[in-house]
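**Q** Taken in sequence, the protein lines are chains Z and F. Each residue of the first sequence is one higher than the last, beginning at 526 in the numbering used here. Each residue of the second sequence is one higher than the last, beginning at 526 in the numbering used here. Virtual Cβ for every residue (Gly too), placed ideally from N, Cα, C. Quick one: the structure is below, questions incoming.
Protein chains: 2
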Amino acid sequence: MAVEVDSDNLARVINALVSYELDALVCSLPSHVLLLTGYEPVIGNAVAVFTQRGGVHLLVPEDEAEMAAETSYANQLTFRPRSLNAITDSNQSVALPLLQLLKKLGLERSQLGLEMYGLQHPASYLSQHRYGDSLQSLIADEFRSIRLLSADQLLQRLCAVKTKPQIDGLRISCDLAGMAFKQAARSWQIGMTEPEVANVFQSAYGRVTAERNISRTQAQFFCMSGENAGKANAAFAMTRQRVIRQGDTVLIHCNSNVNGYWTGITRTYIRGERSLKHRQMVDAIANARSAGLDAIAPGVAASEVDMAARTLLTNRGFGDLYTHATGHGVGFGPANSNAFPRIHPKSPDVLEAGMTFTLQPAIYLGDLGGMRHCDVVAVTGTGVDILTDFQSPETDR
Amino acid sequence: MAVEVDSDNLARVINALVSYELDALVCSLPSHVLLLTGYEPVIGNAVAVFTQRGGVHLLVPEDEAEMAAETSYANQLTFRPRSLNAITDSNQSVALPLLQLLKKLGLERSQLGLEMYGLQHPASYLSQHRYGDSLQSLIADEFRSIRLLSADQLLQRLCAVKTKPQIDGLRISCDLAGMAFKQAARSWQIGMTEPEVANVFQSAYGRVTAERNISRTQAQFFCMSGENAGKANAAFAMTRQRVIRQGDTVLIHCNSNVNGYWTGITRTYIRGERSLKHRQMVDAIANARSAGLDAIAPGVAASEVDMAARTLLTNRGFGDLYTHATGHGVGFGPANSNAFPRIHPKSPDVLEAGMTFTLQPAIYLGDLGGMRHCDVVAVTGTGVDILTDFQSPETDR
Numbered sequence: 526m527a528v529e530v531d532s533d534n535l536a537r538v539i540n541a542l543v544s545y546e547l548d549a550l551v552c553s554l555p556s557h558v559l560l561l562t563g564y565e566p567v568i569g570n571a572v573a574v575f576t577q578r579g580g581v582h583l584l585v586p587e588d589e590a591e592m593a594a595e596t597s598y599a600n601q602l603t604f605r606p607r608s609l610n611a612i613t614d615s616n617q618s619v620a621l622p623l624l625q626l627l628k629k630l631g632l633e634r635s636q637l638g639l640e641m642y643g644l645q646h647p648a649s650y651l652s653q654h655r656y657g658d659s660l661q662s663l664i665a666d667e668f669r670s671i672r673l674l675s676a677d678q679l680l681q682r683l684c685a686v687k688t689k690p691q692i693d694g695l696r697i698s699c700d701l702a703g704m705a706f707k708q709a710a711r712s713w714q715i716g717m718t719e720p721e722v723a724n725v726f727q728s729a730y731g732r733v734t735a736e737r738n739i740s741r742t743q744a745q746f747f748c749m750s751g752e753n754a755g756k757a758n759a760a761f762a763m764t765r766q767r768v769i770r771q772g773d774t775v776l777i778h779c780n781s782n783v784n785g786y787w788t789g790i791t792r793t794y795i796r797g798e799r800s801l802k803h804r805q806m807v808d809a810i811a812n813a814r815s816a817g818l819d820a821i822a823p824g825v826a827a828s829e830v831d832m833a834a835r836t837l838l839t840n841r842g843f844g845d846l847y848t849h850a851t852g853h854g855v856g857f858g859p860a861n862s863n864a865f866p867r868i869h870p871k872s873p874d875v876l877e878a879g880m881t882f883t884l885q886p887a888i889y890l891g892d893l894g895g896m897r898h899c900d901v902v903a904v905t906g907t908g909v910d911i912l913t914d915f916q917s918p919e920t921d922r
Numbered sequence: 526m527a528v529e530v531d532s533d534n535l536a537r538v539i540n541a542l543v544s545y546e547l548d549a550l551v552c553s554l555p556s557h558v559l560l561l562t563g564y565e566p567v568i569g570n571a572v573a574v575f576t577q578r579g580g581v582h583l584l585v586p587e588d589e590a591e592m593a594a595e596t597s598y599a600n601q602l603t604f605r606p607r608s609l610n611a612i613t614d615s616n617q618s619v620a621l622p623l624l625q626l627l628k629k630l631g632l633e634r635s636q637l638g639l640e641m642y643g644l645q646h647p648a649s650y651l652s653q654h655r656y657g658d659s660l661q662s663l664i665a666d667e668f669r670s671i672r673l674l675s676a677d678q679l680l681q682r683l684c685a686v687k688t689k690p691q692i693d694g695l696r697i698s699c700d701l702a703g704m705a706f707k708q709a710a711r712s713w714q715i716g717m718t719e720p721e722v723a724n725v726f727q728s729a730y731g732r733v734t735a736e737r738n739i740s741r742t743q744a745q746f747f748c749m750s751g752e753n754a755g756k757a758n759a760a761f762a763m764t765r766q767r768v769i770r771q772g773d774t775v776l777i778h779c780n781s782n783v784n785g786y787w788t789g790i791t792r793t794y795i796r797g798e799r800s801l802k803h804r805q806m807v808d809a810i811a812n813a814r815s816a817g818l819d820a821i822a823p824g825v826a827a828s829e830v831d832m833a834a835r836t837l838l839t840n841r842g843f844g845d846l847y848t849h850a851t852g853h854g855v856g857f858g859p860a861n862s863n864a865f866p867r868i869h870p871k872s873p874d875v876l877e878a879g880m881t882f883t884l885q886p887a888i889y890l891g892d893l894g895g896m897r898h899c900d901v902v903a904v905t906g907t908g909v910d911i912l913t914d915f916q917s918p919e920t921d922r
């Protein structure tokens with residue numbers, strides 16, 4: 526069964542190659558291979574070659590060939606990374622097929638765009654191959670007339686705006702995570718430790734995806750409560766050993782992925798009597814969220830969305846406790862605060878229809894707790910589509 | 526509380542630097558930072574600098590400083606990757622502190638070892654920073670008299686042999702996974718789907734680690750049954766949608782990590798009536814395992830261990846169905862078939878005390894099922910220490 530070509534995506538990539546004066550892209554980071562071919566590689570040794578003429582090629586290890594054909598519209602060529610007859614690695618086994626492909630495509634004297642500089646990227650599998658300098662060295666040694674250029678900025682820009690099929694992929698991922706949130710929100714109990722609570726959500730996600738025959742999925746749920754919620758503004762989430770008590774803020778953060786489309790979702794729960802402070806926080810965050818959502822439309826500066834949410838929190842007296850940006854691009858990766866569009870006070874980015882990002886107003890009180898509400902949203906032709914438009918039963922009361 | 530220095534590790538790294546004629550190492554892959562400092566970074570933007578004089582330095586993002594101090598004996602310097610006053614990324618924010626540190630250490634005219642070429646490495650977190658070429662460019666641009674060399678082989682060799690504290694770390698990780706296997710082996714049922722069975726094991730691991738206050742841990746359990754077990758010889762494990770029936774081979778594979786020490790463990794279960802073929806397979810694998818274990822000792826060729834297991838399976842008529850190598854290095858990563866020592870027919874590696882690797886005799890029958898028993902073992906002064914010496918109740922009958 527042939528996979529339908531995402532022709533909007535093809536056109537977008539071709540336009541980008543033209544405007545960056547590149548004849549082709551050679552990419553191996555799984556999120557970029559997904560962007561270029563519709564398939565997210567598992568262990569990271571597949572290589573995508575996308576030419577300005579619109580040729581989409583995927584060098585895929587034979588183990589992944591069948592799976593790749595299920596979602597990718599690329600021309601597939603397989604290679605064999607392992608053998609009992611010799612010790613080989615992916616750098617070596619991809620070399621010949623890649624060089625042959627570049628020749629066949631007439632790219633011996635071209636300008637090629639490669640992934641070069643550092644960036645934050647998602648883990649497609651628990652163990653991944655990264656080519657590092659290998660592909661550059663390989664190509665430079667073979668073709669003296671090829672110019673190798675960094676395609677990093679071009680790729681970042683392409684990842685920021687999604688086509689309808691890509692947004693649909695992200696929506697499925699968000700819906701499944703949302704179902705797990707809604708199921709698990711009823712099941713965790715006071716007296717559990719953070720890992721126990723996280724496990725309730727994790728298990729719910731496992732059930733939700735199992736019932737729906739979703740194979741290519743990963744999710745990680747984190748629980749941060751009380752003083753741990755108060756320091757949940759770190760660059761990573763982490764479940765610790767604290768026991769949940771009545772009146773604690775209980776922050777549940779999820780990053781999940783279906784077929785390579787990543788979510789970032791946070792809800793905060795409180796059981797039992799709420800302090801006045803907690804009620805003020807809940808109200809301020811709900812209003813900051815609404816203010817942020819109201820600001821979203823094509824053509825709007827990303828910094829204005831940040832400012833809308835930040836101003837509301839500042840006016841309620843929580844400005845100094847809102848220590849991070851209001852959001853960042855999401856979808857081809859879960860948690861890269863530098864992904865376009867950056868919803869940050871100093872952001873130069875301008876919103877476009879098809880951009881997807883997180884919107885995450887928050888208040889961090891340190892030892893007194895913390896609260897965050899993180900949605901995934903998409904910019905539409907006229908406003909915003911909330912892909913995680915479910916409420917947690919408790920903060921919603 | 527100061528962390529005790531792993532002085533054996535210090536001596537080993539210094540010796541390696543001397544023999545490779547490097548003045549220092551500059552590393553950022555989390556497994557290498559763990560090797561050099563005792564701390565596994567979370568999001569991957571920490572940088573370790575280890576000098577031939579024995580200075581161990583860790584540039585760590587401020588979010589991770591407290592956690593790093595819990596397990597690392599390095600001199601810590603913090604940097605700040607994010608700010609509301611400017612949009613910065615880790616490449617930029619680490620630049621100044623790294624260059625200053627290299628100057629302070631008198632390395633302006635040195636030979637530095639860096640990670641350069643491609644390799645398979647573990648995912649320390651679901652979203653990770655990778656510096657790519659950034660550190661090389663940064664250092665080369667600032668210090669024209671520094672020579673940058675690949676430290677990849679040196680690092681691979683260092684990762685292969687572990688000190689006692691490192692093996693103890695891996696042992697803890699194996700013990701916790703083993704407890705989850707033993708608990709969950711009793712709880713899954715015929716009629717469940719593969720994701721449901723995997724979830725039983727995953728939840729058991731969540732409980733086991735929660736009860737023991739283990740925070741820095743990840744685990745992924747995979748279930749492959751029947752024809753899916755028959756193709757479990759791929760370079761990755763994958764849970765699919767099959768319903769488990771009586772008499773199926775049910776292969777459970779786990780990669781888990783505690784404080785950065787990774788396991789790779791497989792057990793195969795059969796419920797209900799066993800076919801003659803399945804009984805022959807169970808017996809052949811048990812004997813291939815014993816033959817492999819018996820062959821392990823310092824000074825022995827890694828290929829001999831492979832041959833011992835392979836010969837037994839061949840004599841029982843399963844040789845052609847044993848399609849992969851008998852094992853590979855494990856501990857600083859979960860599933861890199863090129864990690865030293867490679868227990869492969871063509872391996873040039875020789876076992877040394879302190880090496881840790883997987884031992885994974887297997888039989889893949891395609892549609893008729895598959896069976897694997899994968900242990901983590903350590904080479905001792907005289908023989909072998911099995912870090913995963915638990916049996917699954919069913920294959921043990």
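Taking buried to mean at least 16 other C-beta atoms within 10 Å of its own C-beta, is Asp693(Z) buried or exposed?
**A** So Asp693(Z) counts as exposed.
**Q** Measure the Cβ-Cβ separation of Thr788(F) and Thr913(F) and say whether it is below 9 angstroms.
**A** Closer than 9 angstroms, so yes.
**Q** If you measure beta-carbon to beta-carbon, which residues of the stretch 775-806 of chain Z are closer than 7 angstroms to chain F?
**A** Against chain F - using a Cβ distance shorter than 7 angstroms - the residues of the stretch 775-806 of chain Z are Asn780.
**Q** Under 8 angstroms by Cβ, that's how I've got His853(Z) and Ala864(Z) pegged, so tell me the actual separation to the nearest angstrom.
**A** So it is a contact: roughly 5 angstroms between Cβ atoms.
**Q** On a Cα-Cα basis, can you pick out the residue from Ser635(Z), Gln727(Z) and Ala599(Z) that is closest to Ser521(Z)?
**A** Residue 521(Z) is absent from the model: chain Z starts at 526 and stops at 922.
**Q** Helix, strand or coil for His654(F) per DSSP?
**A** His654(F) falls in the strand class under three-state DSSP.
**Q** Against Lys707(Z), what residues of chain F qualify as contacts under a CB-to-CB distance less than 9 angstroms, listed in chain order?
**A** Near Lys707(Z) there are no residues of chain F at all, since even the closest Cβ is about 18 angstroms away, more than 9 angstroms.
**Q** With a cut-off of 9 angstroms, does the C-beta of Val558(F) fall near any C-beta of chain Z?
**A** No, Val558(F) lies away from the interface with chain Z (no Cβ there is under 9 angstroms from its Cβ).
**Q** Examine chain Z for any beta-carbon lying closer than 9 angstroms to the beta-carbon of Phe761(F), and answer yes or no.
**A** With 9 angstroms as the cut-off, Phe761(F) counts as an interface residue toward chain Z.
**Q** Relative to the C-alpha of Thr836(F), which residue among Ser553(F), Leu660(F) and Gly817(F) is closest?
**A** It is Gly817(F) whose Cα lies nearest to the Cα of Thr836(F).
**Q** Arg634(Z): buried (16+ other C-beta within 10 angstroms of its C-beta) or exposed?
**A** Under this definition Arg634(Z) is an exposed residue.
**Q** Between Ser740(F) and Gln766(Z), what straight-line distance do the alpha-carbon atoms span, to the nearest angstrom?
**A** Taking the straight line from one Cα to the other gives about 7 angstroms.
**Q** Could you say which of Tyr656(F), Lys689(F) and Thr881(F) lies nearest to Gly858(F) if we only look at CA atoms?
**A** When each option's Cα is compared against that of Gly858(F), the closest is Thr881(F).
**Q** Please classify Ser797(Z) as buried or exposed, where buried requires at least 16 other C-beta atoms within 10 Å of its C-beta.
**A** Just to set this straight, residue 797(Z) is Gly in the shown sequence, not Ser. Per the 10 Å Cβ criterion, exposed.
**Q** Taking 9 angstroms as the CB-CB cut-off, is Tyr656(F) touching chain Z?
**A** Tyr656(F) counts as touching chain Z.
**Q** On the DSSP bridge list, what partners appear for Trp787(Z)?
**A** Trp787(Z) pairs with Asn782(Z).
**Q** Cβ closer than 9 angstroms: which chain F residues qualify as neighbours of Val567(Z)?
**A** Under the 9 angstroms cutoff, chain F gives Ala759, Ala760, Phe761 and Met763.
**Q** Suppose the cutoff is 6 angstroms on Cβ atoms and the five residues either side in sequence are ignored; what does the same chain contact list for Phe843(F) look like?
**A** Cβ neighbours of Phe843(F) beyond the five flanking positions: Ala809 and Ile888.
**Q** How many angstroms separate the CA atom of His582(F) from the CA atom of Asn534(F)?
**A** If I take the Cα positions, the gap works out to 15 angstroms.
**Q** Helix, strand or coil, according to DSSP, for His849(Z) in the structure here?
**A** Note: His849(Z) maps to coil in three-state DSSP.
**Q** Using 9 angstroms as the limit for Cβ to Cβ distance, is Thr913(F) near chain Z?
**A** By this cut-off, Thr913(F) is not an interface position.
**Q** Going by beta-carbon coordinates alone, are Asp831(F) and His869(F) separated by less than 9 angstroms?
**A** Yes, the Cβ-Cβ distance between Asp831(F) and His869(F) is below 9 angstroms.
**Q** Does DSSP classify Ile715(F) as helix, strand or coil?
**A** The answer is coil: DSSP assigns Ile715(F) none of H, G, I, E or B.
**Q** For the candidate residues Thr793(F), Ala878(F), Leu559(F) and Ala860(F), whose alpha-carbon lies nearest to that of Val825(F)?
**A** Checked all of Thr793(F), Ala878(F), Leu559(F) and Ala860(F); the closest Cα to Val825(F) is Ala878(F).
**Q** Could you tell me if Asp921(Z) is buried or exposed, where buried requires 16 or more neighbouring beta carbons within 10 angstroms of its beta carbon?
**A** Confidence is the limiting factor: at Asp921(Z) the pLDDT is only 42, short of 50, which leaves the residue's position unreliable, though a coordinate-based value still follows. Burial call: exposed.
**Q** Distance, Cα to Cα, Pro918(Z) vs Leu561(F)?
**A** Note that Pro918(Z) has pLDDT 49, beneath the 50 cutoff, so the model's placement of it is unreliable and the number below is only indicative. Using only the alpha carbons, I get a separation of about 47 angstroms.
**Q** Compare the C-beta of Met641(Z) against all C-beta atoms of chain F and say whether one is closer than 9 angstroms.
**A** Output row for Met641(Z): interface = yes.
**Q** Should Pro586(F) go down as buried or exposed, given a rule of 16 or more other Cβ atoms within 10 Å for buried?
**A** The residue in question, Pro586(F), is buried, as its Cβ has 16 or more Cβ neighbours within 10 Å.
**Q** Gly785(Z) to Cys699(F), Cα distance in whole Å?
**A** Each residue's Cα considered, the two are about 29 angstroms apart.
**Q** Rounded C-beta distance between Ile790(Z) and Ala702(Z)? I'm assuming under 8 angstroms.
**A** The Cβ separation is near 6 angstroms, so the contact holds.
**Q** Based on Cα-Cα distance, which residue from Val807(Z), Asp819(Z) and Ser615(Z) lies nearest to Met896(Z)?
**A** Cα-wise, what sits closest to Met896(Z) is Val807(Z).
**Q** Can you list, in chain order, the residues of its chain with a C-beta nearer than 8 angstroms to that of Val528(Z)? Leave out the 5 residues immediately preceding and following it.
**A** Same-chain partners within the cutoff: Gly563, Ala594, Glu595, Thr596, Ser597 and Tyr598.
**Q** Apply the 10 Å Cβ neighbour rule to Gln885(F) and answer buried if 16 or more other Cβ atoms are within range, or exposed otherwise.
**A** The residue in question, Gln885(F), is buried, as its Cβ has 16 or more Cβ neighbours within 10 Å.
**Q** How is Phe726(F) classed by DSSP in three states: helix, strand or coil?
**A** Looking at Phe726(F) - three-state DSSP - the assignment turns out to be helix.
**Q** Suppose the cutoff is 8 angstroms on Cβ atoms and the five residues either side in sequence are ignored; what does the same chain contact list for Ser800(F) look like?
**A** Once the five neighbours on either side are set aside, the close Cβ partners of Ser800(F) are Gly772.
**Q** Runs of 4 residues minimum, wholly inside the stretch 737-767 of chain F: which ones carry the alpha helix (DSSP H) assignment?
**A** Counting whole runs of 4 or more residues, the stretch 737-767 of chain F contains the alpha helix (DSSP H) stretches 752-755.
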